Amino acid sequence: MKITDQAIDQAYSDLKGTCKGVRNDYFGLVYLENEFNIPRDEAVNLVAFGGNDYGVDGFYFDQQRRNFYLFQFKNSEDYTLFKGSFQRLIDAGMERIFGAQTQDAQKNDLLEQIHGSLLENQAIIDKVYIHFVFMGDPAKAEGSSVLEKLREDLENKRYLLDKHFNKQVTLVIEFRSGKAKKTGALSHQRSSRTYPVELADCLSSAGPAGQHMLIGFVRLTDLHSMYRDMGQRFFERNIRSALPEEGAVNVALERAYRRIVIDGKDEPAVFLFDHNGVTFAAEKVEKLNGTYRVTEPRLLNGAQTITTLARFIEKNADNPLLKENRPRLENMRVICKIITEAADDFIVRVTVNNNRQNPVAPWNLHANDMIQLELQDKFRDDLQIFYER
């Protein structure tokens, strides 16, 4: 059933004396009543009426389906209103809900209700859904470059769910419309990506604002495995376009791989001395039994090294020397910096400053900054003009 202004007005009139809040807060109440057939006396305890929402202003646990739902409601057709909600979830909300941070004395009561429901049902929850509900078209929200970037950043917080539930729990992010019941949804389903990494002779250093950096020697094959599994998602958004295969950098890299792995003219150890190193960011790095585990890595520089290696392995897939000399490939290492606990703007700065050795123009490295994504959405929505970043 479509959510109507009359239904919202009636709920506001009936409950404003006890629940307080503003009229738009009651959009979420009416939605939950209709979407899940929840009685009103129960639904009023599942939505926030004012307060600090941390990007979430409603929740529901479906015991039969074993699904836990978090909601952000906007009584509007304007999907751009979700930008702030996404950012609050990314910056603090996911940590407040699923992490172990100290609690906010100014938070709304809903956060306590969420924590209580999660604690009570922790053992039987299999999936967590985050629904961004509004009165517009989910396809338009799906097509937004800004929301795509923010959704990826939010998906990177999925590791907090695994830690909270002590098991693999699927995260599903959906845009939903209040115009029709059980319809009008577009979803993205993600599981955390965590990879083992051999990181020899590690050093660590703290950054100026709580950032953390590990430096060590990483195997090229570990990086190649990440790329093979993640594809282009492995590359930080600002360096997704690799340099041409025939470019000087890639030609030199392929020649080095051939001399070491196929021809046996150079020893694997020499590659470490010749290479400038790579840098990637990660949501989390843990050391377990002498091996590091990296969660949601994103390569900030070194894209040419990895893409050229992938092409080299593919080209020589039928060459018996590749299989015979596989140990030589696995002994090739590069200097590696891993950055954690860093905000987006800091990661962009590191990306730009670590990609100056190749002839990449600065505007290419800024092509996916938020202002450029917002311009692309503005041209698309208001003028129906394609904006090439």
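The number in my numbering is simply the position in the sequence shown, starting from 1, with 7 added. Every residue gets a Cβ at the ideal spot worked out from N, C-alpha and C, and that includes glycine. Since the structure is predicted, the reported quantities are computational estimates derived from the model, not experimental observations.
Spanning the alpha carbons of Ser83 and Ala146 requires a straight line of approximately 15 angstroms.
Of the candidates Gly284, Asp270, Pro46, the residue whose Cα lies closest to the Cα of Ile342 is Gly284. With a minimum length of 3 residues, the unbroken runs of beta strand (DSSP E) contained wholly in the segment 319-366 fall at 340-347. Counting every other CB atom within 10 Å of its CB across the protein chains shown gives Arg200 a total of 16 or more, marking it as buried. In the three-state reduction of the DSSP assignment, Ala50 falls in the helix class.
Fewer than three Cβ pairs drawn from the segment 153-172 and the segment 40-56 lie within less than 8 angstroms of each other, which leaves the two stretches out of contact. Going by DSSP, Glu290 is part of no alpha helix (DSSP H) at all; its letter is neither H nor E. Distance from the CA of Asp85 to the CA of Gly223, rounded to the nearest whole angstrom, comes to 47 angstroms.
Judged by DSSP in its simplified three-state form, Pro203 adopts strand. Pairing Asn296 with Leu210, the inter-Cα distance amounts to about 17 angstroms. For Val225, the pairing in a beta bridge is given by DSSP as Leu206, Val341.
Scanning Tyr166, Glu181, Ile180 for the CA closest to the CA of Lys174 turns up Tyr166.
DSSP places Asn41 within a helical segment (H, G or I) once states are collapsed to three. When DSSP reads this structure, Asn283 sits in no beta bridge, so it has no partner. Boundaries of the alpha helix (DSSP H) around Ile15: 12-26. Straight across, the Cα-Cα distance linking Glu261 with Arg240 is about 23 angstroms. Around the beta carbon of Lys9, fewer than 16 other beta carbons lie within 10 angstroms, which makes this residue exposed.
Across the set Met220, Asp389, Arg183, the C-alpha of Arg183 shows the shortest separation from the C-alpha of His138.
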